[in-house]
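Asker: Here the sequence shown is numbered in full-length UniProt numbering, starting from 1 and rising by one per residue.
Sharing a structure here in structure tokens format.
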Amino acid sequence: MQPVLQLQRVTKRYGRTVALDDVTLSVPPGTVCALLGANGAGKTTAIRSLLGFERPDSGTATVMGMDPQRQPLEVRRRVGYVSDKPALYEWMTVDEIGWFTSGFYPTGFLTEFARIAARFGLEGKQKIKALSKGGRAKVALALSLAHKPQLLILDEPTSGLDPLVRREFLESMIDLAAEGRTVLLSSHQVTEVERVADLVAILLNGKLVCFERLEDLKRTVSEVVLQTPPGWRLPVSMPGKVVAHVPRHHEQLFMVRDLDQAALTAMSAQLGVPAPQVRHPSLEDILLAMLREVRLGGTVELPPDPWTTPAVAAETAGMHR
Ligand SMILES: Nc1ncnc2c1ncn2[C@@H]1O[C@H](COP(=O)(O)OP(=O)(O)OP(=O)(O)O)[C@@H](O)[C@H]1O
Numbered sequence: 001m002q003p004v005l006q007l008q009r010v011t012k013r014y015g016r017t018v019a020l021d022d023v024t025l026s027v028p029p030g031t032v033c034a035l036l037g038a039n040g041a042g043k044t045t046a047i048r049s050l051l052g053f054e055r056p057d058s059g060t061a062t063v064m065g066m067d068p069q070r071q072p073l074e075v076r077r078r079v080g081y082v083s084d085k086p087a088l089y090e091w092m093t094v095d096e097i098g099w100f101t102s103g104f105y106p107t108g109f110l111t112e113f114a115r116i117a118a119r120f121g122l123e124g125k126q127k128i129k130a131l132s133k134g135g136r137a138k139v140a141l142a143l144s145l146a147h148k149p150q151l152l153i154l155d156e157p158t159s160g161l162d163p164l165v166r167r168e169f170l171e172s173m174i175d176l177a178a179e180g181r182t183v184l185l186s187s188h189q190v191t192e193v194e195r196v197a198d199l200v201a202i203l204l205n206g207k208l209v210c211f212e213r214l215e216d217l218k219r220t221v222s223e224v225v226l227q228t229p230p231g232w233r234l235p236v237s238m239p240g241k242v243v244a245h246v247p248r249h250h251e252q253l254f255m256v257r258d259l260d261q262a263a264l265t266a267m268s269a270q271l272g273v274p275a276p277q278v279r280h281p282s283l284e285d286i287l288l289a290m291l292r293e294v295r296l297g298g299t300v301e302l303p304p305d306p307w308t309t310p311a312v313a314a315e316t317a318g319m320h321r
């Protein structure tokens, strides 16, 4: 099955800044993919490359098999997009902006826009300039959804929304995916995104360090906390693949993939340290450990990337529904 969006070895530089560094990912239909990373990690650049607003220095971006540089209008017609700073005509009312935008899309847009706006509690006669930040975010979302796009790309869509609307909005992403549509969601609200994402892509300093099914990531990664004496310097050879290692004053925190628990117990006995605490971390814990490791000058290892294999991508289409 053809991926809905694909980046193949995409590199984008702004002067000396490498915003995207050889990024490859491929998202199948019917999937909610979370795009995570620190400020400046390259999330918006990835999104803008997919929409044809940025031209990669090398590599290719594809949306539904189309090159957004060559077919920008066809791509944008099939994609709903909300930027992190949505631009709206301030002097229009909610109804007017719906009516105005409907002129760019086939019939049915206005009815769907009115339905979504009502669900978000927006009043048609209200002027955009009189709306709160959250109200504006709701208008931008309603506009992006009203043409029932096959792909919805959202850059920090929930900032400014109150907790209830945020929750309802994110849960509606699951419904969209169940209908076979695809959602690419860039966000810093990791805990909330964790509730809805099928796939997780993590960018660190422009590099894609993780791209896999969220449930696989959470199932295979363990957090290990080793109590160690202050000033501990000995290198520890974890029985498993270390994704991130964060030394603290009295302890060493490791995120380990495919941990061998028995070997860990034997190792701690050999080191003469108390039995380590082991648990399955949340997505936020994993992300924070990766960010801390990078801040400490370390590197985060790239886990296996099953998504470049077309057979696996096809097998996963419409999963978890
Ligand atoms: N037009 C531009 N000119 C120069 N540098 C840019 C430009 N756009 C992005 N950058 C730089 O590229 C890097 C990636 O930026 P990008 O906006 O893609 O990150 P991000 O992950 O979306 O960040 P945030 O979470 O803060 O929105 C940053 O270092 C940023 O300063």
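Cβ atoms here follow ideal geometry from the backbone N, Cα and C, with glycine treated the same way.
Three-state secondary structure (DSSP) at MET1?
Answerer: The sequence position of residue 1 within the sequence shown is 1, counting from 1. Note: MET1 maps to coil in three-state DSSP.
Asker: On the premise that LEU283 lies in contact with LEU214, defined as a C-beta separation below 8 Å, what is that separation, rounded to the nearest angstrom?
Answerer: By 1-based counting over the sequence shown, the position of residue 214 is 214. By 1-based counting over the sequence shown, the position of residue 283 is 283. At roughly 7 Å, the Cβ-Cβ gap stays under 8 Å, so LEU214 and LEU283 are in contact.
Asker: Can you tell me which residues form a DSSP beta bridge with MET255?
Answerer: One-based indexing of the sequence shown puts residue 255 at position 255. Its beta-bridge partners are GLU223 and ALA244.
Asker: Consider the C-beta atom of GLY124 and the heavy atoms of ligand 1; say whether any pair is separated by less than 7 Å.
Answerer: Here residue 124 is taken as the residue at index 124 of the sequence shown, counted from 1. Not under cutoff, so the answer is no.
Asker: Out of ARG76, THR182, THR228 and GLY134, which one is the CA nearest neighbour of ASP162?
Answerer: Taking the first residue of the sequence shown as 1, we reach residue 162 at position 162. Of the candidates ARG76, THR182, THR228 and GLY134, the one whose C-alpha sits nearest the C-alpha of ASP162 is GLY134.
Asker: Ordered along the chain, which non-local residues of its own chain (more than five positions away) have a Cβ less than 6 Å from that of LEU145?
Answerer: Position 145 of the sequence shown, counting from 1, holds the residue named residue 145. Cβ within range, chain order: GLY80 and ILE116.
Asker: Which residues bound the alpha helix (DSSP H) around VAL94?
Answerer: To locate residue 94, count along the sequence shown from 1; it is residue 94. Where VAL94 is concerned, the enclosing alpha helix (DSSP H) stretches over 94-102.
Asker: Terminal residues of the continuous beta strand (DSSP E) containing ALA34?
Answerer: Here residue 34 is taken as the residue at index 34 of the sequence shown, counted from 1. Here the beta strand (DSSP E) through ALA34 covers 32-37.
Asker: Output yes or no for whether 8 Å exceeds the beta carbon distance between SER186 and ILE47.
Answerer: Translated into the one-based positions of the sequence shown, residue 186 becomes position 186. Translated into the one-based positions of the sequence shown, residue 47 becomes position 47. Yes, Cβ-Cβ distance for SER186 and ILE47 is below 8 Å.
Asker: Quick one: is the Cβ of ASP84 within less than 7 Å of any heavy atom of ligand 1?
Answerer: Translated into the one-based positions of the sequence shown, residue 84 becomes position 84. Indeed, a heavy atom of ligand 1 lies less than 7 Å from the Cβ.
Asker: Can we say the stretch 31-41 touches the stretch 195-209, given the rule of at least three CB pairs closer than 8 Å?
Answerer: The stretch 31-41, when compared against the stretch 195-209, does touch it at the 8 Å Cβ threshold.
Asker: Pull up the distance between the alpha-carbon of ILE286 and that of MET255, whole angstroms please.
Answerer: Stepping through the sequence shown from its first residue, residue 286 is reached at position 286. Stepping through the sequence shown from its first residue, residue 255 is reached at position 255. Going by the C-alpha atoms only, they are around 7 Å apart.
Asker: Just to check, is the beta-carbon of LYS43 closer than 7 Å to a non-hydrogen atom of ligand 1?
Answerer: Translated into the one-based positions of the sequence shown, residue 43 becomes position 43. Checking the Cβ of LYS43 against ligand 1 gives yes.
Asker: Would the C-beta of THR17 count as close to ligand 2, meaning under 7 Å from any of its heavy atoms?
Answerer: Within the structure as shown, ligand 2 is missing, the only ligands being ligand 1.
Asker: Are three or more beta carbon pairs between the stretch 150-160 and the stretch 77-95 nearer than 8 Å?
Answerer: Touching, yes.
Asker: From the DSSP output, read off the bridge partner residues of ILE153.
Answerer: Mapped onto the sequence shown, residue 153 falls at position 153. Partner(s): TYR81 and LEU184.
Asker: From the DSSP output, read off the bridge partner residues of GLU212.
Answerer: Counting from one through the sequence shown, the residue named residue 212 turns up at place 212. Paired residues: VAL200.
Asker: For GLU192, count neighbouring Cβ atoms within 10 angstroms of its own Cβ and tell me buried if that reaches 16, exposed if not.
Answerer: What you label residue 192 is simply residue 192 of the sequence shown in a count that begins at 1. So GLU192 ends up on the buried side.
Asker: With distances taken from CA atoms, which of MET1, PHE100 and GLN277 is nearest GLY65?
Answerer: Position 65 of the sequence shown, counted from the first residue, corresponds to residue 65. Of the candidates MET1, PHE100 and GLN277, the one whose C-alpha sits nearest the C-alpha of GLY65 is MET1.
Asker: Please name the residue, chosen from PHE104, TRP91 and LYS148, that lies closest to GLU112 on a Cα-to-Cα basis.
Answerer: Taking the first residue of the sequence shown as 1, we reach residue 112 at position 112. Taking only the C-alpha atoms, the option nearest GLU112 is LYS148.
Asker: Would you give the residue range spanned by the beta strand (DSSP E) that SER132 belongs to?
Answerer: As a working note, residue 132 is residue 132 in the sequence shown. Segment: none, SER132 is in no beta strand (DSSP E) and carries neither H nor E.
Asker: CA-CA distance, SER268 and LEU131?
Answerer: To locate residue 268, count along the sequence shown from 1; it is residue 268. To locate residue 131, count along the sequence shown from 1; it is residue 131. If you take the alpha carbons of SER268 and LEU131, they lie about 58 Å apart.
Asker: For ALA19, which residues in the same chain have their Cβ closer than 6 Å to its Cβ, ignoring the five residues on either side in sequence?
Answerer: As a position in the sequence shown, residue 19 is number 19, starting the count at 1. Within the same chain, ALA19 has close Cβ partners LYS12, GLY42, THR45 and GLY206.
Asker: Report the three-state DSSP secondary structure of GLN277 (helix, strand or coil).
Answerer: Sequence index remark: in the sequence shown, residue 277 carries index 277 (1-based). In this structure, GLN277 counts as strand in the three-state DSSP scheme.
Asker: If you measure from the CB of TYR14, is any heavy atom of ligand 1 nearer than 7 Å?
Answerer: Against the sequence shown, residue 14 aligns to sequence position 14. Because some heavy atom of ligand 1 lies under 7 Å away, the Cβ of TYR14 counts as near it: yes.
Asker: List the endpoints of the continuous beta strand (DSSP E) containing ALA19.
Answerer: Position 19 of the sequence shown, counted from the start, is the residue given in the question as residue 19. Here the beta strand (DSSP E) through ALA19 covers 17-27.
Asker: In whole angstroms, what is the alpha-carbon distance linking PRO56 and SER49?
Answerer: Along the sequence shown, one-based indexing puts residue 56 at 56. Along the sequence shown, one-based indexing puts residue 49 at 49. Taking the straight line joining both Cα atoms gives about 7 Å.
Asker: Rounded to the nearest angstrom, how far is the Cβ of ALA140 from that of PRO86, given a contact under 8 Å?
Answerer: As a position in the sequence shown, residue 140 is number 140, starting the count at 1. As a position in the sequence shown, residue 86 is number 86, starting the count at 1. Contact holds; Cβ gap of about 4 Å.
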